[in-house]
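Basically the working numbering = 1-based index in the sequence shown + 170. Ideal placement from N, C-alpha and C gives every residue a C-beta, glycine not left out. Working notes for the structure below.
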Amino acid sequence: MNGTALRLGSLLLLAALLAAWEGASRFLGLSALVLPAPSLVAASLWNGLASGYFWPHIRATATELVLGLATGCVIGFAAGVAMAESRLLRGLLMPYVVVSQVVPKLALMPLFIVWFGFGMTSTVVITALICFFPLMENTLTALQQVPAERLELFRMLGATRTQTLWRLKLPSGLPGILAGLRVAVVLALVGAVVGEFIAAGKGLGALVIASQGTMDTPLMFAVLVLIAVLGMLVYQATVALERWLLLPYTRVS
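Below you can see the structure in the form of C-alpha coordinates.
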(Lines of atoms letter the chains of each structure in order from A and count residues from 1; the text may use other names and numbers.)
(Lines give C-alpha, C1' and ligand atoms only; values in the text may rest on other atoms or scores of the structure.)
Protein backbone atom coordinates (compact mmCIF):
# COMPACT_ATOMS: atom_id res chain seq x y z
CA MET A 1 0.00 0.00 0.00
CA ASN A 2 1.22 3.51 -0.79
CA GLY A 3 1.38 6.37 1.66
CA THR A 4 -1.93 7.93 0.58
CA ALA A 5 -3.82 4.67 1.05
CA LEU A 6 -2.27 4.18 4.49
CA ARG A 7 -3.23 7.69 5.59
CA LEU A 8 -6.77 7.18 4.29
CA GLY A 9 -6.98 3.88 6.15
CA SER A 10 -5.77 5.56 9.33
CA LEU A 11 -8.45 8.28 8.99
CA LEU A 12 -11.16 5.67 8.38
CA LEU A 13 -10.07 3.78 11.48
CA LEU A 14 -10.26 7.01 13.50
CA ALA A 15 -13.75 7.71 12.15
CA ALA A 16 -14.88 4.18 13.04
CA LEU A 17 -13.50 4.49 16.58
CA LEU A 18 -15.19 7.84 17.10
CA ALA A 19 -18.50 6.49 15.75
CA ALA A 20 -18.28 3.48 18.07
CA TRP A 21 -17.47 5.78 20.99
CA GLU A 22 -20.41 8.07 20.17
CA GLY A 23 -22.78 5.13 19.82
CA ALA A 24 -21.65 3.56 23.08
CA SER A 25 -22.06 6.86 24.93
CA ARG A 26 -25.60 7.34 23.61
CA PHE A 27 -26.99 3.80 23.80
CA LEU A 28 -25.36 2.81 27.08
CA GLY A 29 -26.29 6.10 28.71
CA LEU A 30 -22.78 6.84 29.93
CA SER A 31 -22.48 9.92 32.08
CA ALA A 32 -20.58 12.82 30.53
CA LEU A 33 -18.71 13.06 33.82
CA VAL A 34 -17.24 9.59 33.27
CA LEU A 35 -16.87 9.36 29.47
CA PRO A 36 -18.27 12.23 27.38
CA ALA A 37 -19.37 11.55 23.83
CA PRO A 38 -17.10 12.83 21.03
CA SER A 39 -19.81 15.33 20.08
CA LEU A 40 -19.61 16.91 23.54
CA VAL A 41 -15.80 16.99 23.37
CA ALA A 42 -15.96 18.60 19.91
CA ALA A 43 -18.42 21.21 21.17
CA SER A 44 -16.17 22.04 24.13
CA LEU A 45 -13.14 22.21 21.83
CA TRP A 46 -14.89 24.50 19.37
CA ASN A 47 -16.23 26.81 22.09
CA GLY A 48 -12.81 27.13 23.69
CA LEU A 49 -11.09 27.91 20.39
CA ALA A 50 -13.79 30.26 19.10
CA SER A 51 -13.95 32.23 22.34
CA GLY A 52 -10.17 32.51 22.58
CA TYR A 53 -10.09 30.72 25.92
CA PHE A 54 -7.60 28.07 24.79
CA TRP A 55 -5.14 30.26 22.91
CA PRO A 56 -3.15 31.73 25.86
CA HIS A 57 -2.74 28.22 27.24
CA ILE A 58 -1.63 26.85 23.87
CA ARG A 59 0.92 29.64 23.50
CA ALA A 60 2.26 29.05 27.02
CA THR A 61 2.72 25.31 26.47
CA ALA A 62 4.23 25.81 23.00
CA THR A 63 6.69 28.36 24.37
CA GLU A 64 7.76 26.08 27.21
CA LEU A 65 8.05 23.19 24.77
CA VAL A 66 10.28 25.08 22.34
CA LEU A 67 12.51 26.60 25.03
CA GLY A 68 12.89 23.36 26.97
CA LEU A 69 13.49 21.31 23.84
CA ALA A 70 16.07 23.73 22.47
CA THR A 71 17.94 23.94 25.78
CA GLY A 72 17.89 20.21 26.44
CA CYS A 73 18.88 19.25 22.90
CA VAL A 74 21.74 21.74 22.66
CA ILE A 75 23.19 20.59 25.97
CA GLY A 76 22.48 16.92 25.18
CA PHE A 77 24.15 17.10 21.77
CA ALA A 78 27.18 18.94 23.12
CA ALA A 79 27.52 16.48 26.01
CA GLY A 80 27.18 13.51 23.66
CA VAL A 81 29.90 14.82 21.36
CA ALA A 82 32.21 15.68 24.25
CA MET A 83 31.86 12.25 25.90
CA ALA A 84 32.23 10.44 22.59
CA GLU A 85 35.48 12.28 21.92
CA SER A 86 36.90 11.99 25.45
CA ARG A 87 37.04 8.75 27.41
CA LEU A 88 38.02 10.74 30.50
CA LEU A 89 34.89 12.92 30.33
CA ARG A 90 32.75 9.86 29.64
CA GLY A 91 34.06 8.10 32.72
CA LEU A 92 33.68 11.18 34.91
CA LEU A 93 30.26 12.41 33.78
CA MET A 94 28.26 9.34 32.82
CA PRO A 95 27.41 8.28 36.41
CA TYR A 96 26.00 11.74 37.13
CA VAL A 97 24.06 11.77 33.88
CA VAL A 98 22.47 8.43 34.73
CA VAL A 99 21.61 9.60 38.25
CA SER A 100 19.93 12.71 36.83
CA GLN A 101 17.66 10.46 34.76
CA VAL A 102 16.79 7.70 37.22
CA VAL A 103 15.52 10.21 39.80
CA PRO A 104 11.79 10.81 39.07
CA LYS A 105 11.29 14.27 37.61
CA LEU A 106 8.17 14.89 39.68
CA ALA A 107 10.30 14.44 42.80
CA LEU A 108 12.56 17.25 41.58
CA MET A 109 9.74 19.66 40.77
CA PRO A 110 9.36 21.09 44.32
CA LEU A 111 13.09 21.78 44.33
CA PHE A 112 12.87 23.55 40.97
CA ILE A 113 10.03 25.69 42.32
CA VAL A 114 12.25 26.75 45.25
CA TRP A 115 15.14 27.53 42.90
CA PHE A 116 13.37 29.05 39.90
CA GLY A 117 9.96 30.07 41.22
CA PHE A 118 6.43 29.14 40.27
CA GLY A 119 5.93 29.59 36.54
CA MET A 120 7.48 29.06 33.14
CA THR A 121 11.13 28.79 34.18
CA SER A 122 10.61 25.69 36.34
CA THR A 123 8.62 24.03 33.57
CA VAL A 124 11.29 24.82 30.98
CA VAL A 125 13.99 23.37 33.26
CA ILE A 126 12.16 20.09 33.79
CA THR A 127 11.39 19.87 30.06
CA ALA A 128 15.04 20.38 29.20
CA LEU A 129 16.11 17.77 31.75
CA ILE A 130 13.69 15.21 30.32
CA CYS A 131 14.67 15.64 26.67
CA PHE A 132 18.40 16.01 27.36
CA PHE A 133 19.14 12.31 27.84
CA PRO A 134 17.76 10.79 24.59
CA LEU A 135 19.79 13.11 22.39
CA MET A 136 22.91 12.77 24.52
CA GLU A 137 22.71 8.97 24.55
CA ASN A 138 21.96 8.66 20.83
CA THR A 139 24.72 11.11 19.93
CA LEU A 140 27.24 9.26 22.08
CA THR A 141 26.24 5.88 20.65
CA ALA A 142 26.14 7.07 17.03
CA LEU A 143 29.59 8.67 17.17
CA GLN A 144 31.08 5.53 18.71
CA GLN A 145 29.70 3.25 15.99
CA VAL A 146 31.56 4.71 13.02
CA PRO A 147 33.14 1.83 11.01
CA ALA A 148 36.76 1.26 12.00
CA GLU A 149 37.96 1.10 8.38
CA ARG A 150 36.66 4.60 7.74
CA LEU A 151 38.42 5.93 10.82
CA GLU A 152 41.63 4.26 9.67
CA LEU A 153 41.27 5.83 6.23
CA PHE A 154 40.95 9.30 7.76
CA ARG A 155 44.02 8.65 9.90
CA MET A 156 45.98 7.60 6.82
CA LEU A 157 44.92 10.79 5.05
CA GLY A 158 46.22 12.85 7.97
CA ALA A 159 42.87 14.22 9.13
CA THR A 160 42.78 15.95 12.49
CA ARG A 161 40.32 14.97 15.24
CA THR A 162 38.17 17.97 14.40
CA GLN A 163 38.11 17.10 10.70
CA THR A 164 37.30 13.48 11.49
CA LEU A 165 34.46 14.57 13.74
CA TRP A 166 32.85 16.99 11.28
CA ARG A 167 33.52 15.14 8.04
CA LEU A 168 33.09 11.52 9.14
CA LYS A 169 31.59 10.90 12.57
CA LEU A 170 28.76 13.44 12.53
CA PRO A 171 27.58 12.65 8.98
CA SER A 172 27.78 8.90 9.67
CA GLY A 173 25.96 9.24 12.99
CA LEU A 174 23.32 11.69 11.78
CA PRO A 175 20.48 9.13 11.45
CA GLY A 176 21.01 7.93 15.01
CA ILE A 177 21.29 11.47 16.34
CA LEU A 178 18.04 12.48 14.62
CA ALA A 179 16.32 9.40 16.02
CA GLY A 180 17.25 10.68 19.46
CA LEU A 181 15.81 14.07 18.52
CA ARG A 182 12.47 12.46 17.64
CA VAL A 183 12.33 10.77 21.05
CA ALA A 184 13.33 14.03 22.75
CA VAL A 185 10.51 15.92 21.01
CA VAL A 186 7.89 13.49 22.32
CA LEU A 187 9.31 13.52 25.84
CA ALA A 188 9.63 17.32 25.81
CA LEU A 189 5.87 17.72 25.47
CA VAL A 190 5.37 15.25 28.32
CA GLY A 191 7.78 17.27 30.44
CA ALA A 192 6.07 20.57 29.64
CA VAL A 193 2.59 19.27 30.49
CA VAL A 194 3.71 17.47 33.64
CA GLY A 195 5.59 20.57 34.76
CA GLU A 196 2.44 22.63 34.29
CA PHE A 197 0.53 20.21 36.52
CA ILE A 198 2.57 21.46 39.47
CA ALA A 199 4.37 24.69 38.71
CA ALA A 200 2.21 26.75 36.34
CA GLY A 201 -1.00 28.71 36.37
CA LYS A 202 -1.22 28.82 32.59
CA GLY A 203 -0.77 26.16 29.92
CA LEU A 204 -2.54 23.04 28.72
CA GLY A 205 -1.32 21.02 31.69
CA ALA A 206 -2.65 23.61 34.12
CA LEU A 207 -5.93 23.58 32.18
CA VAL A 208 -6.21 19.81 32.66
CA ILE A 209 -5.89 20.29 36.43
CA ALA A 210 -8.42 23.14 36.35
CA SER A 211 -10.96 21.03 34.41
CA GLN A 212 -10.47 18.22 36.90
CA GLY A 213 -11.22 20.60 39.74
CA THR A 214 -14.45 21.78 38.12
CA MET A 215 -15.44 18.21 37.10
CA ASP A 216 -15.64 19.34 33.46
CA THR A 217 -14.70 16.08 31.73
CA PRO A 218 -15.54 17.27 28.16
CA LEU A 219 -13.16 20.19 28.68
CA MET A 220 -10.47 17.81 29.92
CA PHE A 221 -10.84 15.65 26.81
CA ALA A 222 -10.75 18.76 24.61
CA VAL A 223 -7.47 19.82 26.22
CA LEU A 224 -6.07 16.32 25.69
CA VAL A 225 -6.97 16.63 22.00
CA LEU A 226 -5.07 19.93 21.85
CA ILE A 227 -2.04 18.33 23.51
CA ALA A 228 -2.14 15.47 21.00
CA VAL A 229 -2.42 17.87 18.04
CA LEU A 230 0.45 20.01 19.33
CA GLY A 231 2.59 16.91 19.81
CA MET A 232 1.83 15.63 16.32
CA LEU A 233 2.67 19.00 14.75
CA VAL A 234 6.03 19.21 16.51
CA TYR A 235 6.81 15.56 15.71
CA GLN A 236 5.96 16.00 12.02
CA ALA A 237 8.13 19.12 11.91
CA THR A 238 10.98 17.03 13.32
CA VAL A 239 10.42 14.32 10.70
CA ALA A 240 10.47 16.98 7.95
CA LEU A 241 13.73 18.38 9.36
CA GLU A 242 15.21 14.87 9.42
CA ARG A 243 14.30 14.26 5.78
CA TRP A 244 15.82 17.58 4.78
CA LEU A 245 19.07 16.93 6.65
CA LEU A 246 19.38 13.38 5.28
CA LEU A 247 18.44 14.33 1.71
CA PRO A 248 22.05 14.85 0.50
CA TYR A 249 23.03 11.39 1.77
CA THR A 250 20.02 9.66 0.19
CA ARG A 251 20.90 11.27 -3.14
CA VAL A 252 24.47 10.00 -2.90
CA SER A 253 23.33 6.46 -2.09
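By DSSP, does Phe288 sit in helix, in strand, or in coil?
For this step, residue 288 is matched to residue 118 along the sequence shown. Phe288 falls in the coil class under three-state DSSP.
Segments assigned beta strand (DSSP E), at least 3 residues, entirely inside the region 341-397
Whole beta strand (DSSP E) segments, 3+ residues: zero.
C-alpha distance - Arg320 paired with Leu348, whole-angstrom precision: For the purposes of this step, residue 320 is taken as residue 150 along the sequence shown, with counting starting at 1. For the purposes of this step, residue 348 is taken as residue 178 along the sequence shown, with counting starting at 1. In a straight line, the C-alpha of Arg320 is about 21 Å away from that of Leu348.
Original post:
Smallest Cα separation from Ser209: which of Ala190, Pro226 and His227?
Top reply: Taking the first residue of the sequence shown as 1, we reach residue 209 at position 39. Ranking the options by Cα distance to Ser209, first place goes to Ala190.
| Hey, would you say Thr231 sits closer than 7 Å to Leu351, going by beta carbons? | Taking the sequence shown and counting its residues from 1, one reaches residue 231 at position 61. Taking the sequence shown and counting its residues from 1, one reaches residue 351 at position 181. No, they are not a contact pair.
Contacting residues, own chain, Cβ-Cβ under 8 Å from Ile228 (five flanking each side not counted) = What you label residue 228 is simply residue 58 of the sequence shown in a count that begins at 1. Same-chain partners within the cutoff: Leu374, Leu396 and Leu400.
**Request:** If I'm right that Gly289 touches Ala369 with Cβ under 8 Å, what's the distance once you round it to whole angstroms?
**Result:** One-based indexing of the sequence shown puts residue 289 at position 119. One-based indexing of the sequence shown puts residue 369 at position 199. About 7 Å; that satisfies the 8 Å criterion.
_Member of Gln333, Val393, Gln315 and Leu310 whose CA lies at the smallest distance from the CA of Ile245_ = Position 75 of the sequence shown, counting from 1, holds the residue named residue 245. Comparing Cα positions, the closest option is Leu310.
### Alpha carbon of Ala376 to alpha carbon of Leu411, nearest angstrom
Taking the sequence shown and counting its residues from 1, the one referred to as residue 376 is at position 206. Taking the sequence shown and counting its residues from 1, the one referred to as residue 411 is at position 241. Answer to the nearest angstrom: the Cα atoms are 30 Å apart.
Checklist line | Where the alpha helix (DSSP H) through Thr330 begins and ends | finding: The residue you call residue 330 lines up with position 160 of the sequence shown. Thr330: not part of any alpha helix (DSSP H); DSSP gives it neither H nor E.
- Message: Taking only three categories from DSSP, how would you classify Pro317?
- Response: Here residue 317 corresponds to residue number 147 of the sequence shown, with the count starting at 1. Judged by DSSP in its simplified three-state form, Pro317 adopts coil rather than helix or strand.
Report the rounded CA-to-CA distance for Asn270 versus Cys301, giving the unit in angstroms. Residue mapping note: residue 270 aligns to position 100 of the sequence shown, counting from 1. Residue mapping note: residue 301 aligns to position 131 of the sequence shown, counting from 1. Looking at the sequence provided, one finds Ser at residue 270 rather than Asn. Cα-Cα distance, rounded: 12 Å.
In the structure shown, what three-state DSSP assignment does Tyr405 receive? Here residue 405 is taken as the residue at index 235 of the sequence shown, counted from 1. Here DSSP, grouped into helix, strand and coil, assigns Tyr405 to helix.
What are the complete alpha helix (DSSP H) segments, minimum 4 residues, inside the region 219-286?
Here the runs fully enclosed are 225-255, 257-272 and 275-286.
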